[in-house]
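Number of protein chains: 6
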Amino acid sequence: MKAPKYSGVATFFGLPSVTDLSQTDIAVVGVPFDLGVTNRAGARHGPREMRNQSTMIRQHHQLLRMTPTDLCRIADAGDCPVQNPYSLEDGHRDIETFYTQLAQADTVPLTAGGDHSITLPIFRAIARERPVGMLHFDAHCDTSDEFGNTRFHHGAPFRIAVEEGLLDPERTVQIGIRGSLGDEDTWKFSHDSGMRVVYMDELLDRGYQAIVAEARELLSGGPVYLSFDVDGLDPAFAPGTGTPEIGGISTVEAQAMLRAARGLDFIGGDLVEVAPPFDVTGTTSLVGASILFDILCLLADAHASRA
Amino acid sequence: MKAPKYSGVATFFGLPSVTDLSQTDIAVVGVPFDLGVTNRAGARHGPREMRNQSTMIRQHHQLLRMTPTDLCRIADAGDCPVQNPYSLEDGHRDIETFYTQLAQADTVPLTAGGDHSITLPIFRAIARERPVGMLHFDAHCDTSDEFGNTRFHHGAPFRIAVEEGLLDPERTVQIGIRGSLGDEDTWKFSHDSGMRVVYMDELLDRGYQAIVAEARELLSGGPVYLSFDVDGLDPAFAPGTGTPEIGGISTVEAQAMLRAARGLDFIGGDLVEVAPPFDVTGTTSLVGASILFDILCLLADAHASRA
Amino acid sequence: MKAPKYSGVATFFGLPSVTDLSQTDIAVVGVPFDLGVTNRAGARHGPREMRNQSTMIRQHHQLLRMTPTDLCRIADAGDCPVQNPYSLEDGHRDIETFYTQLAQADTVPLTAGGDHSITLPIFRAIARERPVGMLHFDAHCDTSDEFGNTRFHHGAPFRIAVEEGLLDPERTVQIGIRGSLGDEDTWKFSHDSGMRVVYMDELLDRGYQAIVAEARELLSGGPVYLSFDVDGLDPAFAPGTGTPEIGGISTVEAQAMLRAARGLDFIGGDLVEVAPPFDVTGTTSLVGASILFDILCLLADAHASRA
Amino acid sequence: MKAPKYSGVATFFGLPSVTDLSQTDIAVVGVPFDLGVTNRAGARHGPREMRNQSTMIRQHHQLLRMTPTDLCRIADAGDCPVQNPYSLEDGHRDIETFYTQLAQADTVPLTAGGDHSITLPIFRAIARERPVGMLHFDAHCDTSDEFGNTRFHHGAPFRIAVEEGLLDPERTVQIGIRGSLGDEDTWKFSHDSGMRVVYMDELLDRGYQAIVAEARELLSGGPVYLSFDVDGLDPAFAPGTGTPEIGGISTVEAQAMLRAARGLDFIGGDLVEVAPPFDVTGTTSLVGASILFDILCLLADAHASRA
Amino acid sequence: MKAPKYSGVATFFGLPSVTDLSQTDIAVVGVPFDLGVTNRAGARHGPREMRNQSTMIRQHHQLLRMTPTDLCRIADAGDCPVQNPYSLEDGHRDIETFYTQLAQADTVPLTAGGDHSITLPIFRAIARERPVGMLHFDAHCDTSDEFGNTRFHHGAPFRIAVEEGLLDPERTVQIGIRGSLGDEDTWKFSHDSGMRVVYMDELLDRGYQAIVAEARELLSGGPVYLSFDVDGLDPAFAPGTGTPEIGGISTVEAQAMLRAARGLDFIGGDLVEVAPPFDVTGTTSLVGASILFDILCLLADAHASRA
Amino acid sequence: MKAPKYSGVATFFGLPSVTDLSQTDIAVVGVPFDLGVTNRAGARHGPREMRNQSTMIRQHHQLLRMTPTDLCRIADAGDCPVQNPYSLEDGHRDIETFYTQLAQADTVPLTAGGDHSITLPIFRAIARERPVGMLHFDAHCDTSDEFGNTRFHHGAPFRIAVEEGLLDPERTVQIGIRGSLGDEDTWKFSHDSGMRVVYMDELLDRGYQAIVAEARELLSGGPVYLSFDVDGLDPAFAPGTGTPEIGGISTVEAQAMLRAARGLDFIGGDLVEVAPPFDVTGTTSLVGASILFDILCLLADAHASRA
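Chains as they are written, first to last, in this note's numbering: chain E, -13 to 293; chain R, -13 to 293; chain G, -13 to 293; chain Y, -13 to 293; chain S, -13 to 293; chain W, -13 to 293.
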């Protein structure tokens, strides 16, 4: 007999809390940090609420026909500590340090953000030795130039990641891009560097199967990081985020694309930009937790394949 | 000149309240009972709020091109009384008693739940003489085994209904199934007993028309009960429910499937699991009331055909 | 360096406020008026909240590949003054007066409503000389007869507009129609007068491309007004409106249809029926502001083409 | 055994619905009308939601030590029909007609509004023969002059009532007045006509007992109407109203004042300006229903005393 | 440097989680159980949300001038397991078993409910050997007779506790009583058994100091349990509860009374009936967590005094 | 005839927008900046929402019997620009620059925050020449030491202000202090430096009149700044703030204290820490706007006295 879903201290998916990573294949980590946002803050509260909602999720993934905890050792590694909550650069340094420990323990990280700027220090920890490919769901390319006298905000991580040799732009697929921009060149870096940018009109007209098939081809043959910005989804599905853009991906399509990506060599993933203060109904945190579970399955499957 | 929609005591669709069923072909009934839930309670408040939202609905169904009150005599029969709000079994007994009276008056029941466990005592009242077929929309098969030392919760009604000879599994179609499970065998009974289980990925990939066509074939030639668990819909459309699962059916698809099912011999129906405390915006109660109206049209059409 | 989106007094899209219209090609105007509703009031608060949410939108439209402020001179002309907030007819007269000034200045109006009754006095101001065609998104045809002893409510504007020779019914396309009606003849005028009525089931089954292609054919060759009632969208996308109907258009489809309509000779547009008191999450105001921006692009493009 | 509070069709306090008033001493009536507001509409939805919340209230008033249904015959008389929802004056005429029927049946009216303008037509029905006194809780005196070219809005009823000889200003006590005004003479009529105006600072500094003692003295010796505008309360207690003013009465004080007013010859009462669209938490409707019950007790007690 | 309040897995007040009670003087325990409610369920979610909000609270109590963790060893003991979530009696048995273990370890329990029925099994565990006194804040006496064919619901615990010899009625003070009742004898048992019942009107008129002074006298000279039903507070302060009653205690008064009760020999306490589904703003969970902290200080102070 | 309150672009109290300060005696300024918070961000959205709610406020203050715009020239000076939204120190520098311009124009500033850290740079601009006294409403003394490796956060401004010679601690009165602290010495600086700290228990027991009388004595004879942190109020009145503490001041008391402080030589004021994302009902923004209006009256009165 299991305890009711609403009972007990909330960890991710009811997983055990660990501090010693040596017996952990995959660590689910919270990064309650949102100093990188340009508009509405709140993603700092994302890990807490996604832990809460994740307790509604059970062990077995019905459509993927997979129980990740049967495939490898998975734990909740707590929240990444951030010493100075007032400095974007200091925060990124703390995150890099924490994920370097995970990398050294050969633990695959699954991250609940936090804003999207945090993927940059994660890359610095796990992609030092060779650039990774990326399957990226988002309304925004996040490859803009500096903003507010800093280059390290949530609209820029992937440009910097390419410049630092951490991300292979030719093995990067960005899906769900749309909305308004300050000028038409805002995401120029994505195109110039060779990323495959899938705008919403292409997704709508060609259908998700064609897009994923192409993505699989581009991404196979090397390690892949999966970065899911919840604002890639339409605000009807995920209203609680800092920079919503209408006309986005539905959860049905997103989950189908994730399932279709099974088999790629995923070595890490994140779900970012869930901002509970803007999520009156709690729906976005539930969506975040559910997609984290989808990603966890992909990571577990890939980890088991590598073993 | 009609009264404004927001005025007056709220009955279902503004129908007259009746206690004498002898002049009533179809009775809309509330069952404010949710002791069967395994997670979040609240469906006890469903009938009240669906009555409230249903007053926004007018008599004529535009896409079905039908005015149900022109086809038969329809009334709001109030809420099913429950003597002991603390016992699942006692509650089910009270529901069975109430629906037996409806059955004896030859009145077709359309039920606003309450949790999904209530469909079992309804079946006990109306399917005593021969098993019925079922068109079932839901995120969950609701055919699991015992939970919390009882077999009668909202995750089990259809297994018990088959075991008691009330439901014909080979004439049962379950649409919208998805989400996580305690283990991979949770819904094994559905498959083993011969139910047709349509997972969300199949619905997405084959399209609603193919699914309904197949369902019509399986369900024709006998009486059909229509059970609609509002969590079959995606939480974007119906957030206010006890066990939400992302990646579900849209209201557009659901309503199209209901319209396409016209002509089957429907002998009863329900809309369950609307939980107003989790429905901050009132959207789910409106969805529940609207789909109740769709089902009412199907029941009225079938009743008229039988006359 | 731009100011953060949340800073400063909120005008539409951060545009300059003007009172002198002589240097303005397109004026964005608020009409905070909702005396025409038959059910839930609240659209009077629409302009304020859409101004608020519109500050999240930037200058360049990414999928339309267009920066409207590069094409023509655009400004926020404030809210249309209404002298008597207690009389529907007086209010319509005030609106007509204000838009007549816009028409005399050759300024194209883009209106944030307000309920749908306001489109009638706008037509009286801008379509005096020749009837206009209309691309109309809505759950309701808005061509019913009198209600509550008045003909001027939000369910009737387009019938009166045809009768007054302002709107050409044979160049009118209504998309998204659905829901329940008081009787089957409620929208009879649309059919009898020759409007093209696209019900939701047709949109679902034929796909948006086919619908827009047909609409383009009907609407080309003359001036077109674009009227977007936010209740044309499904309540999952736009819950905050006075007369929601489930089973509606998604924002993805709506925006794709708007993009596909580019090239028609748009001479005005509106987005109406956003009712903030029913929009707990703010989503509907964001949707309203975003679609206003889509329409602004179409107006700017058409204006530039005419120049 | 009683039915659970959340079950059944919602009437005021679970009272029987009546249309024949001949056996009814006190009728609870809804007036879903709010065309008189100058700012935020929504009180049209007040009766529906107060009916809903009132089902949480039981028969016996614990602090007043009274069971009103033991003292006289009380029923829910439904909502006052309004023929033209677009005209303030027509609406007032319909209300007057309905209450005249109540007056002719010698039925004491307890009204759930609706906006405060409705008290004027109620007075026209019940105070024709002699002016009444009034115990009035409100943030506003509601004795202003014309607004928006009409005199009949929710800021004016009591000035007109005095001018028409329906209300005795020297037997009128207004409690809770505060907030900002268009100019310092807005409520001049109250002072000039001899009403006793109790501003919030006086209530705070002298205490509720002193205020009620004085009110009892002024109001005894003749019939008294009790009019309670929910915005007399602080928005912490009653946020869901059209014209909230901070710094108001607490529910504890308000209820104590009502209890202390027992014994006056109350011949009618109302609770107005509950606007559910602004009442996200439902608190204001609960407050409205609870204070309606307090007033019902006062009316029943006075009615029994007169018998 | 401390971690930000929003970071990390949420335990009560950030206390360590323990399962071994031997080193724990005071255990904070969640009891996510609400089968005892007669109206709105939801208190099952109370422990989770109070843990969440409690992380905003720091170690030192400023007005009590006390740091409880300096006085004794305090831990979060998790949630009490409940085997059968469908049976009120079975649930109470599980709770009694769990608290018996606490009692055997000489650990003082501080409980976050759950509905008020849970205090009965707690008493069965900790008051077996001698009846305890009780300082009780509540809108309801909770001493009614059977309801719905069971005696064990949330309106009855203290009657049964007296009958079982667990609670000394003459050393019981109930503060904040008000609202409507099914009949005037509902709380008769309180009066007949000798409990001191302080109705809201007495609290308002005599002031909190007089009430607490009297309570101290009655309660001194023996062990005291502190039971705080959050509905004792006015719904303005604590809307998120199952049976709200307007006209209640303010948090300022409640906290002043708690501070004034310092020095009594408290041997346990609880805060019950926080129902997060009805707490849209989160305020009630914050209030619950804050008052739990006040009670924790009283328990720690009393424990230190006994040492 | 005035425009309805909900119409038009929202400026503070409907005041004219100005950029030239030379004709402005008092400027209402927004500072949408919240990088100083230690817990929940969101005050960056405060100015926008307080502008919105402030349009419900009229010109004349009824209890103060004063029309501030009759006394001096008042305008909305827009939002203080902040160049780098990622650096606390840079932001403070920008704020200081902006307010220095106000000081040089001899314009009295009334500020809508933003978090409380912004009062420090305001002091640097306006108190350079001589230290000011302060009437300070808050739950927190805001005189703590460094946090997160920085001294400039929202818990420290007044300690630094004293150290920099901008604030006279012996002419500083802090009212409403309460809640939990990291340790008992957190606010030690307030006591050691000679500030008068009024804890909530003192306010409750002595009453507001005694407190203000004492404050008037301490603060007379020199310039006074009025700083109102909305968390000084109880969360029932102002839930939408970053660091709520229960058991606080009511709006009735707060406004009475402000009125009683009339006559002091106020030379500036602010209302800070309104965090709209946590203000689901909009109540806190309304409270913020209303108290800004109270402060505006005090500033206008003092300015007129000095003239």
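Cβ atoms here follow ideal geometry from the backbone N, Cα and C, with glycine treated the same way.
Open item on the list: If we define contact as Cβ-Cβ less than 8 Å, is L219 of chain R a contact residue for chain S?
Closed with: False, the Cβ-Cβ gap to chain S never drops below 8 Å.
TODO: Please go through the same chain and pick out, in chain order, the residues whose beta-carbon is closer than 6 Å to the beta-carbon of A113 of chain G, but skip the five residues on each side of it.
DONE: Hits under 6 Å: L152.
TODO: Compute the beta-carbon to beta-carbon distance between A(-4) of chain W and R37 of chain W, rounded to the nearest angstrom, for a pair I have assumed lies under 8 Å.
DONE: 5 Å
Task: Residues near Q39 of chain G in its chain [Cβ-Cβ closer than 6 Å; skip 5 each side] - done: S271, L272 and A275
Open item on the list: Just to make sure I have the definition right: I need the residues of chain G whose C-beta is within less than 9 Å of the C-beta of A275 of chain W. Which are they?
Closed with: Correct list: empty, because the minimum Cβ distance to chain G is about 14 Å.
Task: Length-filtered (3 minimum) beta strand (DSSP E) runs lying within the segment 234 to 265 of chain S - done: 251 to 258
Task: Burial state of D220 of chain G (16 or more Cβ within 10 Å) - done: buried
Task: Closer than 9 Å at the beta carbon, the chain G residues around G28 of chain Y - done: R26, A27, G28 and P263
TODO: Using alpha carbons as the reference points, say which of G:A27, G:T172, G:V68 and G:H289 lies closest to S(-7) of chain W.
DONE: For the residues G:A27, G:T172, G:V68 and G:H289, the minimum Cα distance to S(-7) of chain W belongs to G:V68.
Task: Identity of the residues DSSP links to R182 of chain E by a beta bridge - done: E:V159
Open item on the list: I'd like to know if N38 of chain W contacts chain E, where contact means its C-beta is closer than 8 Å to some C-beta of that chain.
Closed with: no
Open item on the list: With a threshold of 8 Å between beta-carbons, can L278 of chain R be considered close to chain G, or not?
Closed with: Chain G has no Cβ within less than 8 Å of the Cβ of L278 of chain R.
Task: Sequence ranges, beta strand (DSSP E) only - wholly within the segment -9 to 70 of chain E, length at least 3 - done: Those beta strand (DSSP E) runs which fall completely within the segment -9 to 70 of chain E and span 3+ residues are 12 to 17 and 60 to 65.
- [ ] Could you tell me whether the segment 120 to 133 of chain E touches the segment 42 to 62 of chain E, using the rule of 3 or more Cβ pairs below 8 Å?
- [x] no
Open item on the list: Here's the rule I'm using: 16 or more other beta-carbon atoms within 10 Å means buried, otherwise exposed. How should P2 of chain E be labelled?
Closed with: That one is exposed.
Task: Beta-carbon proximity of D101 of chain G to D178 of chain G, cut-off 8 Å - done: no
Open item on the list: Measuring only the C-alpha atoms, how far is R145 of chain G from D217 of chain G?
Closed with: 19 Å
TODO: Counting only the same chain and skipping the five closest in sequence on each side, list residues whose C-beta sits under 8 Å from that of A91 of chain G.
DONE: L7, S8 and T10
- [ ] Verify whether the separation of the beta carbon atoms of V118 of chain W and Y211 of chain W is less than 8 Å.
- [x] yes
TODO: Report yes or no: is there a C-beta of chain E within less than 8 Å of the C-beta of D178 of chain R?
DONE: no
Open item on the list: To test your reading of the DSSP string, which unbroken alpha helix (DSSP H) runs of 4 or more residues are found completely within the segment 85 to 138 of chain E?
Closed with: 105 to 112
Open item on the list: At the 8 Å Cβ level, is V238 of chain Y part of the contact set with chain S, yes or no?
Closed with: yes
Task: Three-pair Cβ contact test at 8 Å for the segment 81 to 88 of chain G versus the segment 103 to 112 of chain G - done: yes
TODO: Taking T136 of chain S as the query, report the chain Y residues whose CB atoms sit under 9 Å from its CB, ordered along the chain.
DONE: None at all; the shortest Cβ gap to chain Y is about 11 Å.
Task: Among G:G0, G:I277 and G:H78, the one whose alpha carbon lies nearest that of T136 of chain G - done: G:H78
Task: Chain-order list of residues whose beta-carbon lies under 8 Å from that of T269 of chain E (same chain, five-residue window excluded) - done: Only F223, A224, P225 and G226 meet the Cβ criterion.
Open item on the list: Considering only their Cβ atoms, is the gap separating L189 of chain W from I235 of chain W smaller than 8 Å?
Closed with: yes
Task: Partner residues on chain R for S3 of chain Y, Cβ-Cβ distance less than 9 Å - done: For S3 of chain Y, the chain R residues whose C-beta falls within less than 9 Å of its own C-beta are V(-5) and S3, listed in chain order.
TODO: Consider the Cβ of L212 of chain R: report whether some Cβ of chain G lies at a distance smaller than 8 Å.
DONE: no
- [ ] Can you pull the chain W residues whose beta carbon is under 7 Å from the beta carbon of A(-11) of chain G, in chain order?
- [x] P67
Open item on the list: Is it buried or exposed, G255 of chain R, if we count other Cβ atoms within 10 angstroms and call 16 or more buried?
Closed with: buried
Open item on the list: So for F223 of chain E, helix, strand or coil by DSSP?
Closed with: coil
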